[in-house]
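Structure record follows, encoded as structure tokens.
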Amino acid sequence: MSRKLFSVFALVAVMALVLSACGGGAAQSPQVVKETVVVTVEVPAAASTPAPAPVAGGDRLKAILDRGKLICGVHGSFQGFGFVDSAGVWSGFDVDFCRAWAAALFNDANAVEFRGLSAQARFTALQSGEVDVLSRNSTWTVTRDAELGLTFGPVTFYDGQAIMTKTSVTADPAAGLKALEGGSVCVQSGTTTELNLADAFRAAGVTYTPVVFEDQNAAFQAYEEGRCDAITSDRSQLATQGQAVLKNYADHVILNVVMSKEPLAPAVAQGDDKWADVVHWVVYGMIQAEELGITSKNVDDFLKSDDPVVKRLLGTDDSALGAKLGLSNDFVYRVIKLVGNYGEVYDRNLGVFNIARGQNDLWTKGGLLYAPPMR
Amino acid sequence: MNIKAFWRDIRFLQVLAQVVFILLLALVAGFLYANVSANLAARGLTVGYGFMKNPASFDIGESFIPYNASDTYAQALLVGLVNTLFVTVLGILLTTIVGILAGVARLSSNWLIRQFAGAYVGLIRNTPLIIQLMFWYFAVILQLPPVKQAIQLPGPTFLTQRGLFLTMLVPTETFSGWWPSLVVAIISILVIWFAFQNVQQSRGMPLPWWNKLAYILVPALILWIGASLQPVPPLELTVPALNGLNFKGGVRLTPEFVALVFGLVIYTGAFIAEIVRAGIQSVSKGQVEAARSLGLTTGQTTRLIVFPQALRVIIPPLTSQYLNLAKNSSLAIAIGYPDLFSIAGTVFNQTGAAIEIVMIMMISYLCMSLFTSFLMNIYNNRMRLVER
Numbered sequence: 000m001s002r003k004l005f006s007v008f009a010l011v012a013v014m015a016l017v018l019s020a021c022g023g024g025a026a027q028s029p030q031v032v033k034e035t036v037v038v039t040v041e042v043p044a045a046a047s048t049p050a051p052a053p054v055a056g057g058d059r060l061k062a063i064l065d066r067g068k069l070i071c072g073v074h075g076s077f078q079g080f081g082f083v084d085s086a087g088v089w090s091g092f093d094v095d096f097c098r099a100w101a102a103a104l105f106n107d108a109n110a111v112e113f114r115g116l117s118a119q120a121r122f123t124a125l126q127s128g129e130v131d132v133l134s135r136n137s138t139w140t141v142t143r144d145a146e147l148g149l150t151f152g153p154v155t156f157y158d159g160q161a162i163m164t165k166t167s168v169t170a171d172p173a174a175g176l177k178a179l180e181g182g183s184v185c186v187q188s189g190t191t192t193e194l195n196l197a198d199a200f201r202a203a204g205v206t207y208t209p210v211v212f213e214d215q216n217a218a219f220q221a222y223e224e225g226r227c228d229a230i231t232s233d234r235s236q237l238a239t240q241g242q243a244v245l246k247n248y249a250d251h252v253i254l255n256v257v258m259s260k261e262p263l264a265p266a267v268a269q270g271d272d273k274w275a276d277v278v279h280w281v282v283y284g285m286i287q288a289e290e291l292g293i294t295s296k297n298v299d300d301f302l303k304s305d306d307p308v309v310k311r312l313l314g315t316d317d318s319a320l321g322a323k324l325g326l327s328n329d330f331v332y333r334v335i336k337l338v339g340n341y342g343e344v345y346d347r348n349l350g351v352f353n354i355a356r357g358q359n360d361l362w363t364k365g366g367l368l369y370a371p372p373m374r
Numbered sequence: 000m001n002i003k004a005f006w007r008d009i010r011f012l013q014v015l016a017q018v019v020f021i022l023l024l025a026l027v028a029g030f031l032y033a034n035v036s037a038n039l040a041a042r043g044l045t046v047g048y049g050f051m052k053n054p055a056s057f058d059i060g061e062s063f064i065p066y067n068a069s070d071t072y073a074q075a076l077l078v079g080l081v082n083t084l085f086v087t088v089l090g091i092l093l094t095t096i097v098g099i100l101a102g103v104a105r106l107s108s109n110w111l112i113r114q115f116a117g118a119y120v121g122l123i124r125n126t127p128l129i130i131q132l133m134f135w136y137f138a139v140i141l142q143l144p145p146v147k148q149a150i151q152l153p154g155p156t157f158l159t160q161r162g163l164f165l166t167m168l169v170p171t172e173t174f175s176g177w178w179p180s181l182v183v184a185i186i187s188i189l190v191i192w193f194a195f196q197n198v199q200q201s202r203g204m205p206l207p208w209w210n211k212l213a214y215i216l217v218p219a220l221i222l223w224i225g226a227s228l229q230p231v232p233p234l235e236l237t238v239p240a241l242n243g244l245n246f247k248g249g250v251r252l253t254p255e256f257v258a259l260v261f262g263l264v265i266y267t268g269a270f271i272a273e274i275v276r277a278g279i280q281s282v283s284k285g286q287v288e289a290a291r292s293l294g295l296t297t298g299q300t301t302r303l304i305v306f307p308q309a310l311r312v313i314i315p316p317l318t319s320q321y322l323n324l325a326k327n328s329s330l331a332i333a334i335g336y337p338d339l340f341s342i343a344g345t346v347f348n349q350t351g352a353a354i355e356i357v358m359i360m361m362i363s364y365l366c367m368s369l370f371t372s373f374l375m376n377i378y379n380n381r382m383r384l385v386e387r
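Residue numbers (numbering that gives the first Met the number 0), protein chains in the order written: chain W, 0 to 374; chain A, 0 to 387.
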């Protein structure tokens, strides 16, 4: 018996050794390791690994085109942003951007394979190359950008964290966090939300207890059952989920407290600039199209336009913007024709929830959406 | 001729098979390691535990050790580990009681009790634990009345959807000066037990029943003398009472904690019940008949004859049920209890240190399990049949 025990402990010792070996190297000289890593980014390290394995620097776009479809990481149960219904049909704001990239790549908005990802698994799925792009209401932060090895795309939705409570606690949206003194707050784990919640309550000097759930729907359920006095999430999420899930949305009030900036953006794995460019410029093309008044209904009329800006955007002159990105020259036309411009995507998915455009309007209308020149 | 014999030599083949197996294992491990490091390098990611010293900046709902958002990730993970340990230890104690009661009830001569225990085991063993946890949490505990309409049980204990409020003895600041007398009191119980055993053996018959009062009176006296030496009583009774919107005083157990412990205890108890039943049935009927013919009562037969022999069959599978309970506690995240797995998930999401966090979790659960098996093996060796 003691011999058996010994062998088990020996196993632990070996594991600890392995651990310290892989951890120790980096811990001793993190600076040095980071520098060597920067140098090795261009090495096609994974060239010989089989199909689903990560594609090293610069090959992702080619890999997607060869595969014939885009693999897009999305939310699976968030109405308005990423939702799969009982018939298996995907819909939502984030989902439509996946379709837009597919339209630009393949002239087929349905050449997408959607992967529903949890908040916890999403970045790992991207790092490991399981998905080509992540379009899953993810906040762009410096840690994620730098430390997780991601490259974020243009912001598709400017959001901010808010907090919702019951009218029985306070019916006044201007009451502030003080109204929640000593209360408990339901929150989903694996998000920036947990951090902002701690920061906001600490700044306001209000004590509270977080109750953390892995699943947003479980958090909403516990909130509705009365476990928590309030629930916190992005404002868009409180509005859409609140209307979709809560029994009587009128009994709840979203406080006028802005707890954070939450710029939601698509992300790709770092080190693949060509693919990141495609992700960026398709989104910008959709914003530019809205600015020019080009919609999926009238885009064919614009093909005959003499406006040089329109001609460059839709690829009807020989500026060949698409070819520079490794796409077909009419890629914006395809996107607008098959999916629509930014405003159409917004109205289609979020219009039913009565979320005002606000910051998500064009810069010409007082919002923050501004596409760099397409030339 | 010699070479042929060499290939047919069973001893050689046995060694060869082992060498090949080890080589294959090393190859697989090497491949996995190379794959991970190549991919990490391609993504520009580094592996290291430097992040552990950074501030966690998230709050944790319940903690048995001091913690706030400005503490380090290491401290946050420790909070999770302690939360897991607490659930595990309490769960193991309670599930043992539930399991033994249910196991004995399965063999009861009372028809109703027997059927009831059978239904419990059948129902609980055949549904997934996560569904049971969801059920206890969402369908039972969160359906309790809100704080103001709390259900009051004797104690007083209050049941609400915000948790269980218990009346409990809690240590005061003089507790640290008093606990040595607690140790002395426990030792005194052992001393009395040994003394009684000796007397019983020399006389060949047990002492009259009132002698057993010594088990209570002597330790109580020691504790009382110890307490009276302190300026303030080392323990005080805290009673929950409704005060405004919430309860003041008493000990509060959160709904998540109660649901998790309850779910784990009920679930594991059903498996232990079957193990106990099998253990009892493995003791041959002749043993019971022999005990009866010697004039032992039913209680004595169970306690002195059946159970010691049944334990030899019960302990090894019981150990694996304890380990299951510890590992299943990681399902806590589904119902919002901040255990190690839940907090590690948050840390992983904030830092992106997937490999490091998974390693910490694996080693923590592994050490917990090994320690449990270690203790159970000591116990098992003590109970084992001594063979000559």
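C-beta atoms are modelled at their ideal positions from N, C-alpha and C, and glycine is treated no differently.
Output the boundary residues of the beta strand (DSSP E) element that contains A/M167.
Here residue 167 of chain A corresponds to residue number 168 of the second sequence, with the count starting at 1. Residues M167 to P170.
If the criterion is Cβ atoms closer than 8 angstroms, does the pair W/G152 and A/G43 meet it?
As a working note, residue 152 of chain W is residue 153 in the first sequence. As a working note, residue 43 of chain A is residue 44 in the second sequence. No, they are not a contact pair.
Going along the stretch 55 to 67 of chain A in order, which residues come within less than 8 angstroms of chain W, judged by CB to CB distance?
Here the close residues are S56, F57, D58, I59, G60 and E61.
Could you round the C-beta distance between A/L328 and A/L228 to whole angstroms and report it? I think they count as a contact, below 8 angstroms.
Your numbering for residue 328 of chain A matches position 329 in the second sequence. Your numbering for residue 228 of chain A matches position 229 in the second sequence. With the sequence shown as reference, residue 328 of chain A is identified as Ser, and Leu is not the correct amino acid for it. With 8 angstroms as the limit, A/S328 and A/L228 do not qualify as a contact, their Cβ atoms being about 40 angstroms apart.
Strictly below 8 angstroms CB to CB, what residues from chain W border A/T345?
Start at 1 with the first residue of the second sequence, and residue 345 of chain A comes out as number 346. Under the 8 angstroms cutoff, chain W gives S188, G189, E193 and V211.
Report buried or exposed for W/G181, applying the criterion of at least 16 other Cβ atoms within 10 angstroms of its Cβ.
The count along the first sequence starts at 1 and reaches residue 181 of chain W at position 182. So W/G181 counts as exposed.
How would you list, in chain order, the residues of chain W whose beta-carbon sits under 7 angstroms from the beta-carbon of A/S341?
Here residue 341 of chain A corresponds to residue number 342 of the second sequence, with the count starting at 1. By Cβ distance, chain W contributes S188 and V211.
For chain W, find out if any of its Cβ atoms is closer than 8 angstroms to the Cβ of A/L374; answer yes or no.
Looking up residue 374 of chain A in the second sequence gives position 375. No, its Cβ sits nowhere closer than 8 angstroms to a Cβ of chain W.
Can you tell me where the alpha helix (DSSP H) holding A/L234 begins and where it ends?
In the second sequence, residue 234 of chain A corresponds to position 235, counting from 1. It is not in any alpha helix (DSSP H) - A/L234 instead sits in the beta strand (DSSP E) that spans L234 to T237.
In chain order, what residues of the same chain have a beta carbon less than 6 angstroms from the beta carbon of A/M367, not counting five sequence neighbours either side?
On the second sequence, position 368 is the one that residue 367 of chain A refers to. Within the same chain, A/M367 has close Cβ partners A325.
Taking 8 angstroms as the CB-CB limit, is A/G335 close to chain B?
Note that chain B does not occur in the displayed structure, where the protein chains are W and A.
Say whether chain A places a C-beta atom closer than 8 angstroms to the C-beta of W/F122.
Position 123 of the first sequence, counting from 1, holds the residue named residue 122 of chain W. Yes - at least one Cβ of chain A is within 8 angstroms of the one on W/F122.
Residues of chain W with CB closer than 9 angstroms to the CB of A/P207, please, in chain order.
By one-based count along the second sequence, residue 207 of chain A stands at place 208. Neighbours of A/P207 on chain W: none; closest Cβ ~42 angstroms, over 9 angstroms.
Taking C-beta pairs closer than 7 angstroms, name the residues in chain W that A/Q308 reaches, listed in chain order.
Along the second sequence, read from residue 1 onward, the residue named residue 308 of chain A stands at position 309. What A/Q308 touches in chain W: nothing, since even the nearest Cβ is about 20 angstroms away.
Does any residue of chain A have a CB that is nearer than 8 angstroms to the CB of W/D131?
In the first sequence, residue 131 of chain W corresponds to position 132, counting from 1. Not an interface residue.
What in chain W is Cβ-close to A/E255, meaning under 8 angstroms?
In the second sequence, residue 255 of chain A corresponds to position 256, counting from 1. Chain W residues near A/E255: V210.
Leaving out five residues before and five after A/T156 in sequence, what residues of the same chain have Cβ atoms less than 6 angstroms from its Cβ?
What you label residue 156 of chain A is simply residue 157 of the second sequence in a count that begins at 1. Cβ within range, chain order: L165.
What three-state label does DSSP hand W/E112 in the structure shown?
As a first step, residue 112 of chain W is located in the first sequence; it is residue number 113 there, counting from the start. Three-state result, W/E112: strand.
Could you tell me which of W/H74, W/M163 and W/R98 sits nearest to W/I230, measuring between CA atoms?
Counting from 1 along the first sequence, the entry for residue 230 of chain W is found at position 231. With distances taken between Cα atoms, W/I230 lies closest to W/M163.
Anything in chain A within Cβ reach of W/R356, meaning under 8 angstroms, just list it in chain order.
Counted from its first residue, the first sequence places residue 356 of chain W at position 357. Those within 8 angstroms of W/R356 in chain A number zero; the least Cβ separation is about 30 angstroms.
Could you tell me which of W/V298, W/R226 and W/A62 sits nearest to W/V334, measuring between CA atoms?
On the first sequence, residue 334 of chain W is found 335 positions in, with the first residue counted as 1. Minimum Cα distance to W/V334 is reached at W/V298.
To which residues does DSSP link W/Q187 through a beta bridge?
Start at 1 with the first residue of the first sequence, and residue 187 of chain W comes out as number 188. For W/Q187, which the question treats as bridged, DSSP gives the partners W/F212.
Got a sec? Which residues, its chain only, sit under 7 angstroms from A/I130 by beta carbon, not counting five neighbours each side?
The residue labelled residue 130 of chain A in the question sits at position 131 within the second sequence. None.
Examine the Cβ distances between the stretch 294 to 310 of chain W and the stretch 76 to 91 of chain W and report whether three or more of them are shorter than 8 angstroms.
No: fewer than three Cβ pairs fall under 8 angstroms.
How close, in whole Å, do the beta carbons of W/Q160 and W/S259 come, if the pair is a contact with beta carbons under 8 angstroms?
For the purposes of this step, residue 160 of chain W is taken as the residue at position 161 of the first sequence. For the purposes of this step, residue 259 of chain W is taken as the residue at position 260 of the first sequence. Right, the Cβ-Cβ distance comes to about 4 angstroms (below 8 angstroms), so this counts as a contact.
Is there a Cβ from chain W that is less than 8 angstroms from the Cβ of A/N323?
Mapped onto the second sequence, residue 323 of chain A falls at position 324. With 8 angstroms as the cut-off, A/N323 does not count as an interface residue toward chain W.
Of the residues that make up the stretch 134 to 145 of chain A, which ones have a beta carbon closer than 9 angstroms to any beta carbon in chain W?
Residues Y136, F137, I140, L141, Q142 and P145.
Anyone know if the C-beta pair for W/I354 and W/S235 falls short of 8 angstroms?
Along the first sequence, read from residue 1 onward, the residue named residue 354 of chain W stands at position 355. Along the first sequence, read from residue 1 onward, the residue named residue 235 of chain W stands at position 236. A contact, by the Cβ cut-off of 8 angstroms.
Taking 8 angstroms as the CB-CB cut-off, is W/Q269 touching chain A?
Position 270 of the first sequence, counted from the first residue, corresponds to residue 269 of chain W. By this cut-off, W/Q269 is an interface position.
Can you list, in chain order, the residues of its chain with a C-beta nearer than 6 angstroms to that of W/V210? Leave out the 5 residues immediately preceding and following it.
Taking the first sequence and counting its residues from 1, one reaches residue 210 of chain W at position 211. If we look at W/V210 and ignore the five residues flanking it on each side, its Cβ neighbours are S183, C185 and C227.
Let me know the secondary structure DSSP gives A/R202 once reduced to three states.
Taking the second sequence and counting its residues from 1, the one referred to as residue 202 of chain A is at position 203. In the structure shown, A/R202 sits in a helix (DSSP, three-state: H, G or I).
Using a threshold of 8 angstroms, state whether the C-beta atoms of A/F115 and A/F85 are closer than that.
Stepping through the second sequence from its first residue, residue 115 of chain A is reached at position 116. Stepping through the second sequence from its first residue, residue 85 of chain A is reached at position 86. Cβ atoms of A/F115 and A/F85: not closer than 8 angstroms.
I want to see whether chain W comes within less than 8 angstroms of A/A25, judged by CB atoms only; does it?
Reading the second sequence from its first residue, position 26 is the one you call residue 25 of chain A. A/A25 does not count as touching chain W.
Taking the CB atoms as reference points, tell me whether A/L317 and A/I279 lie closer together than 8 angstroms.
Looking up residue 317 of chain A in the second sequence gives position 318. Looking up residue 279 of chain A in the second sequence gives position 280. No. Outside cutoff.
Measuring straight from C-alpha to C-alpha, what distance separates A/L22 and A/L12?
Taking the first residue of the second sequence as position 1, residue 22 of chain A is located at position 23. Taking the first residue of the second sequence as position 1, residue 12 of chain A is located at position 13. Between A/L22 and A/L12, the C-alpha separation is close to 15 angstroms.
Taking all protein chains shown into account, decide if W/A178 is buried (16 or more other Cβ within 10 angstroms of its Cβ) or exposed.
The residue labelled residue 178 of chain W in the question sits at position 179 within the first sequence. It counts as buried.
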